[in-house]
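A short worksheet on the structure shown next.
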Amino acid sequence: TGVVVPWQDDYMEALARLHLTVSRAYKVNPEINFEVFIHKVDGLSDDHKIETQRDIHQRANDDLADAGLEKLHLSFYLTSIYDHSIFEAFSKVVQKLIPQLPTLENLLNIFISNSGIEKAFLFDVVSKIYIATDSSPVDMQSYELCCDMIDVVIDISCIYGGNRFSLFTLSNTLIILKTSIKSPLNLLCSKDNNPRFSASPDN
6 TGVVVPWQDD YMEALARLHL TVSRAYKVNP EINFEVFIHK VDGLSDDHKI
56 ETQRDIHQRA NDDLADAGLE KLHLSFYLTS IYDHSIFEAF SKVVQKLIPQ
106 LPTLENLLNI FISNSGIEKA FLFDVVSKIY IATDSSPVDM QSYELCCDMI
156 DVVIDISCIY GGNRFSLFTL SNTLIILKTS IKSPLNLLCS KDNNPRFSAS
206 PDN
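With the working numbering, you'll find the sequence shown wraps up at 208, consecutive numbering, no jumps.
Here it is in structure tokens:
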């Protein structure tokens with residue numbers, strides 16, 4: 006179950022609604038997972054974002070403890086519509102619902118270890134949610150570039166027609182390639198290349 010807490014100077018009312026929602030849902034299904042999006046944080050500095058998330062997390066858990074719901078677990082994500090954090094958060098939520106996730110991660114690990122690729126994502130190109138990635142940490146810049154590449158490829162495909170394989174070589178030497186597995190699933194990979202300049206999609 007997902008709950009959105011819009012950030013504002015006074016979020017006590019939102020926290021009260023959060024407590025009411027999760028406590029009622031938990032009584033119906035104690036096995037339910039709760040995902041809390043702390044939204045509209047784009048205007049905050051990084052330090053303020055961390056402080057806000059910590060404060061909301063602490064207050065929400067204190068309210069649950071006072072109600073005798075210590076076993077209830079909340080997961081928190083900082084989100085905004087002005088960057089890719091909302092897609093990253095939804096990706097993490099969706100991954101919790103995929104029983105085959107460990108197998109997919111292992112396959113991607115094997116793929117990158119035998120191909121020289123540095124990072125691999127299995128994307129749903131319609132929603133721009135990645136349903137799996139390899140075990141290396143997710144670099145937000147690479148993830149955002151993959152999302153941007155999906156937008157560009159879709160725009161070009163609408164005009165000139167689609168292709169199963171696309172390749173972008175960026176001026177910062179980062180290569181991003183996309184290949185279709187089964188619509189709408191696509192494998193997107195990133196790799197550093199020797200310095201050179203090019204910025205055209207092969208579509």
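All C-beta atoms, glycine included, are put in the ideal place defined by N, C-alpha and C.
Going by CA-CA distance only, name the one from the options that's closest to residue i.
| i | options | result |
| --- | --- | --- |
| H53 | N168, L83 and R29 | L83 |
| K76 | F95, P35 and T57 | P35 |
| R59 | D197, E40, F81 and K124 | F81 |
| L127 | G121, N119 and K97 | K97 |
| F116 | K45, N66, L193 and L150 | L193 |
| S141 | G166, V27, N114 and Y87 | N114 |
| L112 | A125, G121, K101 and Q100 | A125 |
| K101 | I134, S171 and D153 | I134 |
| Y87 | S120, Q63 and L49 | L49 |
| I122 | A30, L182 and E56 | L182 |
| T26 | D144, C151 and A65 | A65 |
| D47 | R169, L150 and T57 | T57 |
| N191 | L175, G166 and C152 | C152 |
In the structure shown, what three-state DSSP assignment does residue i receive?
| i | result |
| --- | --- |
| E123 | coil |
| H44 | strand |
| I86 | coil |
| N111 | helix |
| K196 | strand |
| I103 | coil |
| N191 | strand |
| A70 | helix |
| S96 | helix |
| D15 | coil |
| S141 | coil |
| S80 | strand |
Since residue i and residue j are thought to touch, with beta carbons under 8 Å apart, how far apart are those beta carbons, to the nearest angstrom?
| i | j | result |
| --- | --- | --- |
| D139 | E93 | Not confirmed; about 16 Å, so no contact. |
| H24 | D51 | The pair is not a contact, with the Cβ atoms about 28 Å apart (cut-off 8 Å). |
| I186 | I136 | So it is not a contact: roughly 11 Å between Cβ atoms. |
| S162 | I180 | Their Cβ separation, rounded to whole angstroms, is 20 Å, which puts S162 and I180 out of contact at 8 Å. |
| S85 | K45 | 6 Å |
| S132 | L74 | Wrong, their Cβ atoms sit about 32 Å apart, outside the cutoff. |
| I55 | Y16 | Not really, about 15 Å apart at Cβ, beyond 8 Å. |
Buried or exposed: residue i, going by 16 or more other Cβ atoms within 10 Å of its Cβ?
| i | result |
| --- | --- |
| A72 | exposed |
| H78 | exposed |
| Y148 | buried |
| I43 | buried |
| V158 | buried |
| N38 | exposed |
| F173 | buried |
| K32 | exposed |
| I270 | Nothing can be reported for residue 270, as the shown portion of the chain is limited to 6 through 208. |
| S188 | exposed |
| D197 | exposed |
| V130 | buried |
| A21 | exposed |
| I164 | exposed |
| N119 | exposed |
| A19 | buried |
**Request:** Kindly provide the ranges of any beta strand (DSSP E) runs that are 3 or more residues long and lie completely inside the region 17-62, ordered along the chain.
**Result:** DSSP runs (the beta strand (DSSP E)) wholly in the region 17-62: 39-44.
**Message:** List, from N- to C-terminal side, the beta strand (DSSP E) runs of 3 residues or more that fit wholly inside the region 155-189.
**Reply:** Entirely contained in the region 155-189, the beta strand (DSSP E) runs reaching 3 residues are, in chain order, 170-174 and 179-187.
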